[in-house]
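First residue of the sequence shown: 1, per full-length UniProt numbering; consecutive thereafter.
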Amino acid sequence: SERAVRPPSRPRPPLLVLRAAPLPAYTSMDLGALFGGSSAPARLLIERDQFVLDGQNFTVRAGCVHYFRVHPDLWEDRLARIAALGLNAVQTYVPWNYHQAWNASSLGPARVDLDSPSRDLPRFLRLAHGLGLRVVLRPGPYVCGEFEFGGLPAWLLRDGPIELRTDAEPYMGHVERWWGELLPRLRREGLMLDDGGPVMLVQIENEYGHFGDVSEVEADRRYLERLADLARRHLGDGAQLFTSDPDDLAKLTRGTLSPSASRLGSEVLTTVDSCDVPEDAWAAQRSFNPPGRSPFFCSELWVGWFAHWGEPARPNLAAQRARDVAERLRRVLAVNGGTGSVSLYMAHGGTSFGWWAGANTADGMYLPDTPSYDYGAPIDEGGGHGLDEAGGDKYAALQSVLLEAPSGGGSSVPSSSPSASRPPSPPAEPQPLREEPPPPRRLSSTVEVELPEAVRLMEAETLAALSGGGRCCDELPLPMEEVGCDYGIVVYETELPAGGGGPLQVSRLRDRLLAFVDGEFVGRMYRQQGWGRADPKGLLMPPPRPYPRTLRLLVENLGRVGFVDLPWFSRTFLLDQRKGILGGVWLNGTLLNRTGPDGQAGWRTHCLPFDDAQLDVLRRLPARQPSGLLDTAGSVALGAGSVALDAGSVAVSVAGAMLHLAQGSDRDSPPSLPSSLPSLWS
1 SERAVRPPSR
11 PRPPLLVLRA
21 APLPAYTSMD
31 LGALFGGSSA
41 PARLLIERDQ
51 FVLDGQNFTV
61 RAGCVHYFRV
71 HPDLWEDRLA
81 RIAALGLNAV
91 QTYVPWNYHQ
101 AWNASSLGPA
111 RVDLDSPSRD
121 LPRFLRLAHG
131 LGLRVVLRPG
141 PYVCGEFEFG
151 GLPAWLLRDG
161 PIELRTDAEP
171 YMGHVERWWG
181 ELLPRLRREG
191 LMLDDGGPVM
201 LVQIENEYGH
211 FGDVSEVEAD
221 RRYLERLADL
231 ARRHLGDGAQ
241 LFTSDPDDLA
251 KLTRGTLSPS
261 ASRLGSEVLT
271 TVDSCDVPED
281 AWAAQRSFNP
291 PGRSPFFCSE
301 LWVGWFAHWG
311 EPARPNLAAQ
321 RARDVAERLR
331 RVLAVNGGTG
341 SVSLYMAHGG
351 TSFGWWAGAN
361 TADGMYLPDT
371 PSYDYGAPID
381 EGGGHGLDEA
391 GGDKYAALQS
401 VLLEAPSGGG
411 SSVPSSSPSA
421 SRPPSPPAEP
431 QPLREEPPPP
441 RRLSSTVEVE
451 LPEAVRLMEA
461 ETLAALSGGG
471 RCCDELPLPM
481 EEVGCDYGIV
491 VYETELPAGG
501 GGPLQVSRLR
511 DRLLAFVDGE
521 FVGRMYRQQG
531 WGRADPKGLL
541 MPPPRPYPRT
551 LRLLVENLGR
561 VGFVDLPWFS
571 RTFLLDQRKG
581 ILGGVWLNGT
591 LLNRTGPDGQ
601 AGWRTHCLPF
611 DDAQLDVLRR
621 LPARQPSGLL
631 DTAGSVALGA
641 GSVALDAGSV
651 AVSVAGAMLH
661 LAQGSDRDSP
671 PSLPSSLPSL
681 WS
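Below you can see the structure in the form of structure tokens.
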């Protein structure tokens, strides 16, 4: 999209403004011999309200980092910084949609991808283990995390709204097949704790008390129980299962498998997040676990917050000053005689690349998330120390608390490097790792990269080349999911009758629309603040003409909502997160549903995810022109090359395409928080 574009005031090559992230700075440690020997299986137990690992009390000191928000060549660097922070574990979600796309050929879900570089979860877990970090795994199937649709695949909506996040078909059938590929893979590769691997805790669902109600709805209770049974079946008894909900009694009642609500109440640990008052949070947690089986675990201690388009940058971070977060961490660790466990959310936030940023709602408003997921974390988006708005160093503040607190069974320095082919065994003689990798290189200023050529997107030849001619023909515009367009942009095309003019209206628009007549930009619409109602005044079209004209409506998917804090309303709302035009299109009060004297259905649809295949097509198009064309809305800038920054100390490679949807920015007051572009990502 145009998020990174600054439209020029006069014709000139467009500029892509970048801030580079560091090259991998922590790759010198030799970790190979770590996998040379075997070890006795370990087990994480719970005794006397404490975790016990290998016969010794153990406190979880985890930091959240999402491998899918970090370039894979930087995984080791970010994990090393987490270990040096004084943590002994890493926590990550596993978003289902990131690993399983739709197969257009077979018309079904594609094979689960756990092998391509950015999706190689086993490698990420091995790297963590090689640095002495245990793993808290959160495989969903719903994950939230401000990720697209909360990690649920958009193809679940392909046949219209279905019941999600409850014991209902076809949803549970898809979940069983997804976990049936993901979880056995972890076991086969020796990544579970009792096989000598790092994964010690596995979360069931995510903050279910916001959405379901196991205490009142039988299908919801069965849902969590089926997930727990699936995890046990595929992973065995080596991982401690747990749920996570806010430290609120009502939400804990709705979202946990407590002994009073479930046959699994003594097997699935209830944990809490938020933890503003740690002692109260632990009291709430204890009331949902059997006596003596409630080690305090604050599964998300929020160190900052995320940003939406249209909000000030870092909207809630002023109250998340380094010293305040450090004090909250100190109080969490002090619970139950200094045995409190914690996971920092986030230790490193990273970036929601591509179309993966999600959306939220508040007070009836649709709020799309920005690609930046810096989160005000102690390790910032570029890999350096995170600073609060007063300049306080969060990394240093939290590190001082973690390294001064009694040992939690900390991370260790392994003697050599992980092997991709053999399962890991835990490092011997754990020793705290306190040496931080060298700081990342910093840019002295922003960078301007010229993209010299452009292609007009709203021309018939371009659209036909990109979409293979598109889908034809439908009586009405169809939701994106129904035409196989899960992410990105869809273009709806029809013919306006001779003489057609007047206001254009669209119902149930999701999310942002640009209108073109005969290739010329005529106006825009945005999903309004009342669940998609369009502006009643519509768009004023050009004057009538005595000949037919081509109307093209470009609709951008800004991200599916993954979180709503209203249980019954959210259940209904989450079911219908389809994108595109869900209603109809009216011109001068007449529904545009057919064209031509023979009554032929009249809407053609072009799906534009701008994936690798479409980018290759763009590069081969002969219709390239100087990119001053970007002064006209609805074009794509093309460029490839590199530029040296900071007197040659950092190189940024640029290759691909940049979409320019409209002159200026129609996202009011966009955040000034920049996204990081890893310098090794081309």
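We put the beta carbon where it would ideally sit given N, CA and C, even for glycine. Note that this is a predicted model, so its numbers are computed, not measured.
**Report entry** Contact check, K394 vs G382, beta carbons under 7 Å
**Finding:** Taking the C-beta atoms as reference points, G382 is found no nearer than 7 Å to K394.
Requested in this report: Determine the direct distance from the alpha carbon of V303 to that of E389, and round the result to whole angstroms.
Outcome: Those two C-alpha atoms are separated by around 13 Å.
Report task. Select from L164, P437, D213 the residue whose C-alpha is nearest the C-alpha of E76. Result -> Selected option, being the one with the closest Cα: P437.
**Report entry** Within the stretch 183-252, ranges of the alpha helix (DSSP H) (whole runs, at least 4 residues)
**Finding:** Under the rule that a run must span 4 or more residues, the alpha helix (DSSP H) segments found entirely inside the stretch 183-252 read 218-235.
Query raised in the report: For M200, is the beta carbon positioned less than 6 Å from some heavy atom of the ligand SAH?
Result: Absence of the ligand SAH from the depicted structure is noted, as is the absence of any ligand whatsoever, leaving it without description.
Report task. Buried or exposed for P170, please, with buried defined as at least 16 other CB atoms from any protein chain shown within 10 angstroms of its CB. Result -> Exposed, because fewer than 16 other Cβ atoms sit within 10 Å of the Cβ of P170.
Report task. Spell out the partners DSSP gives A42 in its beta bridges. Result -> As DSSP reads the structure, A42 sits in no beta bridge.
Query raised in the report: Three-state secondary structure (DSSP) at M346?
Result: Of the three classes helix, strand and coil, the one that applies to M346 here is strand, per DSSP.
Report task. Could you have a look at residue 693 and say whether DSSP puts it in helix, strand or coil? Result -> An answer regarding residue 693 cannot be provided, because it is not within the stretch 1 to 682 covered by the chain.
**Report entry** Continuous beta strand (DSSP E) stretch holding D273: start and end
**Finding:** D273: member of the beta strand (DSSP E) spanning 269-273, first to last residue.
Query - Bridge-paired residues (DSSP) for N103 - result: Paired residue(s): G108.
Report task. Could you spell out where the beta strand (DSSP E) holding Q285 opens and where it closes? Result -> Not the beta strand (DSSP E): Q285 falls in the alpha helix (DSSP H), residues 278-286.
Query raised in the report: Tell me the DSSP bridge mates of D73?
Result: According to DSSP, D73 bridges with nothing at all.
Report task. With a 10 Å radius around its C-beta and 16 neighbouring C-beta atoms as the bar for buried, classify residue 684 as buried or exposed. Result -> A question about residue 684 goes unanswered here, because the residues of the chain that appear run from 1 up to 682.
Requested in this report: From the DSSP output, in three-state form, read off G523 for me.
Outcome: DSSP, read as helix, strand or coil, puts G523 in strand.
Report task. State buried or exposed for P423, treating a residue as buried only when at least 16 other CB atoms are found within 10 Å of its CB. Result -> In this prediction, P423 has a pLDDT of 39, which is less than 50 and means its spatial position is unreliable; nothing more can be read from the coordinates.
Query raised in the report: Counting pairs of Cβ atoms below 8 Å between the stretch 474-493 and the stretch 556-567, do you hit three or more?
Result: Yes, the stretch 474-493 touches the stretch 556-567.
Requested in this report: Return yes when the Cβ of F297 is within less than 7 Å of the Cβ of F341, no when it is not.
Outcome: In the sequence under discussion, the amino acid at residue 341 is Ser, which differs from the Phe named in the question. Less than 7 Å divides the Cβ of S341 from the Cβ of F297.
Query - Cβ distance (whole Å) where G63 is taken to contact Q100 below 8 Å - result: Between the beta-carbon of G63 and that of Q100 there is about 27 Å, and that puts the pair past the 8 Å contact cut.
Query - Where D612 falls, given that 16 or more other Cβ within 10 Å makes a residue buried - result: When all chains shown are included, D612 counts as exposed.
**Report entry** CB contact below 7 Å: P406 versus chain C
**Finding:** The structure shown contains no chain C, having only a single protein chain.
Requested in this report: Assuming E461 contacts R158 (C-beta within less than 8 Å), just tell me the rounded distance between them.
Outcome: About 29 Å; that fails the 8 Å criterion.
**Report entry** Backbone CA spacing between V272 and G209 [nearest angstrom]
**Finding:** Approximately 11 Å between the Cα atoms of the pair.
Query raised in the report: Can you tell me the Cα-Cα spacing of E267 and E225, whole angstroms?
Result: Put simply, the backbone Cα of E267 is about 11 Å away from that of E225.
Query raised in the report: Quick one, are the C-beta atoms of W603 and Q505 less than 7 Å apart?
Result: Taking the C-beta atoms as reference points, Q505 is found no nearer than 7 Å to W603.
Query - Endpoints, the alpha helix (DSSP H) within which A359 is located - result: Looking at the DSSP string, A359 is not in any alpha helix (DSSP H); the run it does join, the beta strand (DSSP E), is 359-362.
Requested in this report: Return helix, strand or coil for A261, following the three-state DSSP convention.
Outcome: A261 carries a coil assignment under DSSP once its states are collapsed to helix, strand and coil.
Query raised in the report: Quick one: what's T605 bridged to in DSSP?
Result: Answer by DSSP bridge pairing, in chain order: R471, Y492.
Query raised in the report: CB V517 to CB R549, shorter than 7 Å?
Result: Taking 7 Å as the Cβ cut-off, V517 and R549 qualify as a contacting pair.
Report task. With a threshold of 16 other CB atoms inside 10 Å of the CB of P546, please say whether the residue is buried or exposed. Result -> Per the 10 Å Cβ criterion, exposed.
**Report entry** Proximal residues to N593 (C-beta, below 6 Å), its chain only, five neighbours per side dropped
**Finding:** Once the five neighbours on either side are set aside, the close Cβ partners of N593 are E475, L476.
Query raised in the report: Which stretch, first to last residue, makes up the alpha helix (DSSP H) that contains N57?
Result: Premise fails: N57 lies in the beta strand (DSSP E), 56-58, not in any alpha helix (DSSP H).
Report task. Determine the closest residue to P117 out of G580, G364, D73, S294, with distance taken between C-alpha atoms. Result -> It is D73 whose Cα lies nearest to the Cα of P117.
Query raised in the report: How many whole angstroms separate the CB atoms of L125 and V199, which I take to be in contact at a CB cut-off of 8 Å?
Result: Contact annotation, L125 with V199: C-beta distance approximately 7 Å; criterion of less than 8 Å satisfied.
Query raised in the report: DSSP on E435, reduced to helix/strand/coil?
Result: Coil, per DSSP.
Query raised in the report: Looking at the structure shown, is Q399 part of a helix, part of a strand, or coil, going by DSSP?
Result: Shown here, Q399 sits in a helix according to DSSP, grouped into three states.
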